[in-house]
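Counted the way the working numbering counts, the sequence shown spans residues 7 to 75.
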Amino acid sequence: MRKEYDFSKAKKNPYASQLKKQITIRLDEDAIDYFKSISEKVGIPYQSLINLYLRDCAATQKQLDLSWK
7 MRKEYDFSKA
17 KKNPYASQLK
27 KQITIRLDED
37 AIDYFKSISE
47 KVGIPYQSLI
57 NLYLRDCAAT
67 QKQLDLSWK
């Protein structure tokens, strides 16, 4: 490996804005267990399943009914 690399002609990644962004989110243990159980059945990591579900909700403009009684 070189001791120094020349990045003076490097270009910024044009897809960087499309990459996933790491965040911290607090979820109930029941919700995590639910997605983990599904992930074991379908063979997809549970974090990816949560992301797919949230993307679907955003794409279909799902609305929650938050009326308190």
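Just so you know, even glycine gets a beta-carbon here, dropped at the ideal spot from N, CA and C.
Inset, instruction - Check whether the Cβ atoms of residue 42 and residue 52 lie closer than 8 Å to each other. - result: Cβ atoms of residue 42 and residue 52: closer than 8 Å.
Legend entry - Test item: CB-CB of residue 45 and residue 33 under 8 Å: No, the Cβ-Cβ distance between residue 45 and residue 33 is not below 8 Å.
Legend entry - Backbone CA spacing between residue 20 and residue 71 [nearest angstrom]: Their Cα atoms are separated by approximately 39 Å.
Legend entry - Cutoff 8 Å; reference residue 66; Cβ partners in own chain excluding five residues on either side: None.
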